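Okay, structure first, notes after.
Residue numbers (my numbering), protein chains in the order written: chain A, 1253 to 1562; chain B, 13 to 377.
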């Protein structure tokens, strides 16, 4: 069969198939170009910078050095030049991971009922709900974060109202606290949890829920054994979409934390700004990326390990 | 039907849907029906007739706006589905895609809180019953439609429900598989001794499997009876029309003796037609005659006369469309005898129609 000469029609069909696949390859070129120039090249650059020495007014001196990575954990004593363990950066990383995890969990708890509500509306209403969820994206994150600041500060809306109604007589300090940062993170990232959850719940066949009830499962059991397992792709996607950007968040901790409780994003920005230590900033960025990749690797291995997805 | 204990007794059940700004719609309108223990009972009707609504009321997915649903003497109308000893086989099977075949079958037993060993034993038993043992560890997406159907059956039967509800379970299968499953379903029902309530719009399915059929239309049950009753003695025009093919002839009753009336048909002849007791014995009536209870013959021998308009060949039989003298259309179905097949009747030629004795019937409307 393989050696038989192709009929003219079969030849045309084969040529057409090849032309189509060639053409579709070309279609990806523009985006590949953008990913390369604005994604891969900067990453390579950061990689190189992290092994160079800082120039005093910013920029780099082209001289190989591992100081940036050493400085991440140690400080060189100015008198005897010995390395001393300095956990300052580690503390910031630890705090960032905690904030990001906390934000992810709360987003999931808040987002799931919301997404479930949206997915169970009549089809013609659902797009309106999706639109409502995306409204925050219509204005700038910075503006919205400043707005939160105005709401929660000592003379802000909440405190003014509480004082006006004599519920309290001294403002509750909310701004520039952990609470403010986490509130900002929650506010910024909740839609990124709701939308993937919604898209997986919306695809779910709700007759499966009826089947669950029919087979003696209570509400709680239906949620645990049927809805949550089926919404898992959405839960995974939403958690990643919240956790990863929350880990590197820059605006909320800067504005709502008042610079007192730094997160990784602010730390890195500082090295490129006032710190004038580009290699250290690059190293910090790469360490963050490595941490996320390692976490993802173990996560995905756990996911696909015991259960084979058919 | 040696056992005549009533399993499900629906008493005056209604389900009215009210949307704001719209007229309330009664999907089910004051329906009463008794379904006996160990019975294969079918709810038959076109889509939108209320058959699925009635099934959902019995299952507990929906609740009646009026009336009672009794299960062995206990009103279950307001119980949630997980508190009813009733299981459903869904139209789309609704198998859990994230579980294996065995996990699906065991789900109900697990939710009831049965011990693990008992569940395993029962699941094995069910797998054997529906002949799915080799597939037990497959995901439900890795088995065929017919196999999914059997798993859905096993899953619903595993917790030993008092009543099994089946919502058009065969409609997604192709013709041959559907035929096999009809026999399989009947076998399962006999073997398990569970009361089956089966919903379908397919009259053939209803006739072949059921002990009794309830024909529904517009939220009401029009007639309940054995397949024979429903087919041979339809009470109203809708039942006669919905089940099988039928000729409707209008006429006037001339005389009536003991359930048999002489009817003068509008197309000419006077024929004998049977009627239920207590039916009107005079005036205008509609008479039904099944196409297979009539035969084409020479014009002289025929009770009715007309012109053969069309002959449609169906393999086992041929349908002859005849235009009667008064303009009404009449269909005759005749078994093919092999050989030439044309039986000597030519399209466009005048023909006579003879009617088998005792098959014409007067409708109650």
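Glycine included, each C-beta is placed from N, C-alpha and C at the ideal position. These figures come from a predicted structure and were not determined experimentally.
Quick check on residue 1309 (chain A): buried or exposed, where buried means 16 or more other Cβ atoms within 10 Å of its Cβ?
exposed
In chain A, which residues lie less than 7 angstroms from residue 71 (chain B) when you measure between Cβ atoms?
1466
Opposing strand residues paired with residue 322 (chain B) [DSSP bridges]
B:333
Comparing the C-beta of residue 1558 (chain A) with each C-beta of chain B, is any distance below 8 angstroms?
Because residue 1558 (chain A) sits at a pLDDT of 43, beneath the cut-off of 50, its placement in the model cannot be relied upon, and the following sentence gives the value as read from the coordinates. It does not: the Cβ of residue 1558 (chain A) has no partner Cβ on chain B nearer than 8 angstroms.
Do you know offhand how far residue 38 (chain B)'s Cα is from residue 87 (chain B)'s?
22 angstroms
Express the C-alpha separation of residue 1261 (chain A) and residue 239 (chain B) in angstroms, rounding to a whole number.
56 angstroms
Simplified DSSP state of residue 349 (chain B), which is helix, strand or coil:
coil
Cβ of residue 1230 (chain A) within 8 angstroms of any chain B Cβ:
Given that chain A is displayed from residue 1253 to residue 1562, the structure contains no residue 1230 (chain A) and the question cannot be resolved.
Could you name the residues that DSSP lists as bridge partners for residue 362 (chain B)?
B:319
Would you mind listing the beta strand (DSSP E) stretches within the segment 1487-1540 of chain A that are 3+ residues and don't spill past its ends, in chain order?
none
Mind checking if residue 1539 (chain A) is an interface residue toward chain B, Cβ cutoff 8 angstroms exclusive?
no
Touching or not, the segment 1484-1503 of chain A and the segment 1318-1328 of chain A, by the rule of three or more beta carbon pairs under 8 angstroms?
no
Can you round the beta-carbon distance between residue 179 (chain B) and residue 211 (chain B) to whole angstroms, since I take them to be within the 8 angstroms contact cut?
5 angstroms
Would DSSP call residue 1328 (chain A) helix, strand or coil?
strand
Short-range partners of chain A found in the segment 118-143 of chain B, where Cβ spacing is below 7 angstroms:
119, 120, 123, 124
Mapping the DSSP letters down to three states, classify residue 198 (chain B) as helix, strand or coil.
helix
Can you round the beta-carbon distance between residue 1351 (chain A) and residue 1400 (chain A) to whole angstroms, since I take them to be within the 8 angstroms contact cut?
No, residue 1351 (chain A) and residue 1400 (chain A) are not in contact; Cβ-Cβ is about 16 angstroms, not under 8 angstroms.
In this structure, how does DSSP classify residue 1473 (chain A) when only helix, strand and coil are distinguished?
helix
Beta-bridge partners of residue 21 (chain B), as assigned by DSSP:
B:46, B:82
Partner residues on chain B for residue 1478 (chain A), Cβ-Cβ distance less than 7 angstroms
108
Should residue 222 (chain B) be flagged as near chain A, meaning a C-beta pair shorter than 8 angstroms?
no
So, does the CB of residue 1470 (chain A) fall closer than 8 angstroms to a CB anywhere in chain B?
yes
State buried or exposed for residue 61 (chain B), treating a residue as buried only when at least 16 other CB atoms are found within 10 Å of its CB.
buried
Validate contact between the segment 37-51 of chain B and the segment 88-101 of chain B using beta carbons, cut 8 angstroms, 3 pairs
no
What did DSSP end up calling residue 204 (chain B) once you bin it into helix, strand or coil?
helix
If you follow the beta strand (DSSP E) that residue 282 (chain B) is in, where does it begin and where does it stop?
282-286
Considering Cα atoms alone, identify which of A:1317, A:1426, A:1446 is closest to residue 1488 (chain A).
A:1446
How about residue 100 (chain B): is its C-beta nearer than 8 angstroms to some C-beta of chain A?
yes
Pick from A:1306, A:1368, A:1432 that is closest to residue 1513 (chain A), judged by C-alpha positions
A:1432
Could you check what DSSP says for residue 186 (chain B) in three-state terms: helix, strand or coil?
coil
Counterpart residues of residue 26 (chain B) in DSSP-defined beta bridges:
B:78
Coil, strand or helix - residue 1356 (chain A) by DSSP:
helix
Pull up the distance between the alpha-carbon of residue 260 (chain B) and that of residue 301 (chain B), whole angstroms please.
7 angstroms
Give the range of the alpha helix (DSSP H) segment to which residue 120 (chain B) is assigned.
113-123
Would residue 1461 (chain A) pass as a contact of residue 1479 (chain A) if the rule is Cβ separation under 8 angstroms?
yes
Going along the chain, which residues of its own chain have a beta-carbon closer than 8 angstroms to the beta-carbon of residue 160 (chain B), five neighbours each way excluded?
105, 107, 152
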